[in-house]
Every structure is written in C-alpha cells, then in structure tokens.
Amino acid sequence: MKSLTTVSLAALLALGLSACGSDKSSPDATQPAQAPAKAAQTESPTAVVDGVAKELANGNLLAVMQLSMPAAKFDEAKAKWVEERDQDPPSEEDKAKFAEMMTKLTAADAEEQMMTELEPMLVKYDTEMAAQKPMYVGMGQGFAAQSIQENEELSDEEKQQANNALTGAANWINQTNFGDRELARKAVREAITTAKALNMKSLDEVQAMDFETMLGKAGTAFQGVKRILAVYGLDVNKTLQSVKSELVSQDGDKATVKVNFSLFDQPLSFNTEMVQVDGRWYGKKAMEEASKTADAADGDVMIEESEEVIEEAN
-14 MKSLTTVSLA
-4 ALLALGLSAC
6 GSDKSSPDAT
16 QPAQAPAKAA
26 QTESPTAVVD
36 GVAKELANGN
46 LLAVMQLSMP
56 AAKFDEAKAK
66 WVEERDQDPP
76 SEEDKAKFAE
86 MMTKLTAADA
96 EEQMMTELEP
106 MLVKYDTEMA
116 AQKPMYVGMG
126 QGFAAQSIQE
136 NEELSDEEKQ
146 QANNALTGAA
156 NWINQTNFGD
166 RELARKAVRE
176 AITTAKALNM
186 KSLDEVQAMD
196 FETMLGKAGT
206 AFQGVKRILA
216 VYGLDVNKTL
226 QSVKSELVSQ
236 DGDKATVKVN
246 FSLFDQPLSF
256 NTEMVQVDGR
266 WYGKKAMEEA
276 SKTADAADGD
286 VMIEESEEVI
296 EEAN
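For the sequence shown, my numbering begins at -14 and goes up steadily by one.
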C-alpha cells in the first residue's frame, strides 16, 4: 500500500504544489514536526498553494493534510487509516526486515557496515553501468519525449515545458557520478541520521501510534529522502522554494491558480482548480485524491519510507 507521504503528495500535486516560496531551509531531521498551519494561511486561493508547499518543504505532513482538505475530510482520512491499520497489520516478515534494518542503521559501526555492503554495487557501477548510462538515458529520454508529443491533453506550451524538464532530468543523471565513494558515504550518513531521528525499533510501535504521530514519523523519513537526493545534486527544496503562484480567475467559491516553478533549472507552470468550503480554500482534485487514497495509508508506511531512505543511499 502507498505511504501517507504518497497520499499527501498526491493531494499536493493535485493542488499544483510542486514548489514553495518560503526562504526557510528544511529543519534538521532530529527536530519535531512544526505545529499545524493556521487557517489564516488559506484566506486566499494562492495562500493555500504557498502554505501547503511551505509545509511540504518543512516535512510537516500533518499540516499538509490539514491545509489540503476540510476538517471533516481529514477526520475521514484519519478514520480510514486507523481501520486499515487494524485490519491489515504488517506481516512477521515485514516486522523482521524492519527490525533488522533499524538495528543495522543505528549500530555504532553503521557507517562502515553500510559502506562495505555498498562497495560491490559501486564497483559494478564503475565497471559496467557508467559507460552504458548515456545510452540508456538517451533511450529513456526518447521514449518519454515521444509519449509527451503524443499526449493530446497537453498544449504545445505544456509539451515544450515537459520536454525542457525531461532534458534537465537527463542532464542531471548523466552528470552525476553515482559511483563516487564520498557521495555514497554522505548519503549513508544521512540515512543513519534519519534512522536515529525516527527513534523506532519495531513495526509494533507503528501499530501503536495515532494518526498524527505516524504523520510526524513519515515526515522525518521524507526529509531524510530529500537530503539524500540533495547529496547527489537533486535539491527538492530548491524546487519547492521556487513557487510563484498567481490568481488567474475567481468566480464565487471557485478559482483558478497558476503555479510557476523551476525544475532542473527549467521554468514550468500549470493551472490548478480551487474551491472554497466554509470560508477556506482547497484544491478541488486534492480532496478527491485524498478520499480515494486515504485507505492506502497503513502501518506499512514506516517500512516504505525507511526503505526509500536506504534505497536512495544505495
């Protein structure tokens, strides 16, 4: 099942929150999630776009969800999560894997252990994958570009923007040396820092958590993934902080907001529909997606998020 981070991101993407105008850097992994964002941040359609993106940059997934949907829908998502958690607990195999992973990442010699395990992969990258990378990237870029061109739902401008972002992504992959030992060590350190910040030993702890506590843990894991990506030159928060939202139109309780942002140093933009409910603005699709995917959030969230951290380190 998808993690709560994925649920929150689905809501954000539906809102068009691929970027954030905040100048603040992400808090350290060891810091607790910030308090939920206040209603004042949603007094205009553009304010909710900026507010949710800011909380995403901060890793405050509780605030993300509270800003993305009315209180009634938040309570519904919470109830569905509790139901799924209780009806579909993690297997004994999942519990064993998680415990082993956390023990390894929090051991006194965790860094050297991880580097020893990574060395064969780094050697394989150097001797086999590095030389072939440009070819595979080129093939993938070609297939993706063709798919973009054939997409009838995209305008010519949107197709150009998508191709620009695709070129940026291809350049990043080609220019990044994923076999660099120093980068690998930095990524491992971030994974270790994140594991320690989670302060968990077993999935039974996840089963005992309430919804809000689980979101805080998921936010910690998400921040760790972002820092690992940043080690390799992919600064997610740079994209989040590049948002410039503007009101396109407003008619009563409906509005259209244009979200401008930068990805791989390429300017992108798209429109998102907003609706006003009880005096507060929300993304129209965000609430729909939250309702569809809320039941995908269960106790497996900690395994999924922590495995992401390790996979990125690898």
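Glycine is no exception: its CB is placed at the ideal position from the N, C-alpha and C atoms.
Collapsed DSSP secondary structure at residue i in the structure displayed
{"i": "Gly268", "result": "strand"}
{"i": "Asn184", "result": "coil"}
{"i": "Thr91", "result": "coil"}
{"i": "Leu103", "result": "helix"}
{"i": "Gln261", "result": "strand"}
{"i": "Leu139", "result": "coil"}
{"i": "Gln98", "result": "helix"}
{"i": "Val228", "result": "coil"}
{"i": "Phe255", "result": "strand"}
{"i": "Phe246", "result": "strand"}
{"i": "Ser53", "result": "helix"}
{"i": "Pro74", "result": "coil"}
{"i": "Leu168", "result": "helix"}
{"i": "Asn193", "result": "First, the amino acid is wrong: residue 193 is Ala here, not Asn. DSSP places Ala193 in coil when its eight states are reduced to three."}
{"i": "Gly127", "result": "helix"}
{"i": "Asn149", "result": "helix"}
{"i": "Phe207", "result": "helix"}
{"i": "Gly201", "result": "helix"}
{"i": "Asn162", "result": "coil"}
{"i": "Asp220", "result": "coil"}
{"i": "Asn43", "result": "helix"}
{"i": "Glu28", "result": "coil"}
Beta-carbon proximity list for residue i, same chain, < 7 Å, skipping 5 on both sides
{"i": "Val233", "result": "Thr241, Val242, Lys243 and Asn256"}
{"i": "Lys109", "result": "none"}
{"i": "Asp238", "result": "Val260 and Gln261"}
{"i": "Thr91", "result": "Ala180 and Lys181"}
{"i": "Lys126", "result": "Here residue 126 turns out to be Gln, not Lys, going by the sequence shown. Only Leu151 and Ala155 meet the Cβ criterion."}
For residue j and residue i, the rounded distance between their alpha carbons
{"i": "Thr224", "j": "Val37", "result": "14 Å"}
{"i": "Ala150", "j": "Lys82", "result": "37 Å"}
{"i": "Asn159", "j": "Arg265", "result": "44 Å"}
{"i": "Asp111", "j": "Gly164", "result": "6 Å"}
{"i": "Ala64", "j": "Met194", "result": "13 Å"}
{"i": "Glu138", "j": "Gln251", "result": "21 Å"}
{"i": "Gln192", "j": "Asn136", "result": "43 Å"}
{"i": "Gly44", "j": "Lys202", "result": "10 Å"}
{"i": "Lys166", "j": "Lys118", "result": "The amino acid occupying residue 166 in the given sequence is Arg; Lys does not appear at that position. For Arg166 and Lys118, the distance between alpha carbons rounds to 18 Å."}
{"i": "Glu258", "j": "Met120", "result": "40 Å"}
{"i": "Pro55", "j": "Met124", "result": "44 Å"}
{"i": "Leu183", "j": "Arg70", "result": "19 Å"}
{"i": "Gly268", "j": "Thr101", "result": "46 Å"}
{"i": "Asn245", "j": "Asp236", "result": "22 Å"}
{"i": "Arg170", "j": "Ser53", "result": "37 Å"}
{"i": "Leu103", "j": "Lys211", "result": "20 Å"}
{"i": "Asp35", "j": "Ser230", "result": "7 Å"}
{"i": "Ile177", "j": "Gln51", "result": "30 Å"}
{"i": "Phe249", "j": "Ser140", "result": "21 Å"}
{"i": "Gly340", "j": "Lys270", "result": "Because the chain in this structure spans residues -14 to 299, residue 340 falls outside the shown range and cannot be described."}
{"i": "Asp60", "j": "Asp263", "result": "16 Å"}
{"i": "Pro75", "j": "Glu142", "result": "46 Å"}
{"i": "Asp189", "j": "Ala62", "result": "21 Å"}
{"i": "Glu113", "j": "Gln72", "result": "45 Å"}
{"i": "Ala93", "j": "Glu68", "result": "38 Å"}
Beta-bridge pairing of residue i - partner residues as DSSP gives them
{"i": "Gln132", "result": "For the sequence presented, residue 132 should be read as Ser rather than Gln. Looking at the DSSP assignment, Ser132 forms no beta bridge with any residue, so it has no partner."}
{"i": "Lys239", "result": "Asp236 and Val260"}
Spatial neighbours of residue i in its chain, beta-carbon cut-off 6 Å, leaving aside the 5 residues before and after
{"i": "Gln146", "result": "Leu253"}
{"i": "Ser187", "result": "Ala84"}
{"i": "Lys144", "result": "Ile133"}
{"i": "Lys80", "result": "Leu188"}
Cut-off 8 Å between Cβ atoms - residues of its own chain near residue i, not counting five sequence neighbours on either side
{"i": "Lys89", "result": "Ala95, Gln98 and Met99"}
{"i": "Asn162", "result": "Ala115 and Leu168"}
{"i": "Glu78", "result": "none"}
{"i": "Asp335", "result": "The question about residue 335 has no answer, for the chain in this structure spans -14 to 299."}
{"i": "Ser247", "result": "Ala4, Lys223, Thr224, Ser227 and Leu253"}
{"i": "Ser29", "result": "Leu232 and Trp266"}
{"i": "Gly218", "result": "Trp157, Gln160 and Thr161"}
Expected contact under 8 Å - CB spacing of residue i and residue j to nearest Å
{"i": "Ile133", "j": "Ala172", "result": "Contact doesn't hold; Cβ gap of about 31 Å is too wide."}
{"i": "Asn148", "j": "Ala130", "result": "6 Å"}
{"i": "Met87", "j": "Met185", "result": "6 Å"}
{"i": "Glu175", "j": "Val122", "result": "Wrong, their Cβ atoms sit about 25 Å apart, outside the cutoff."}
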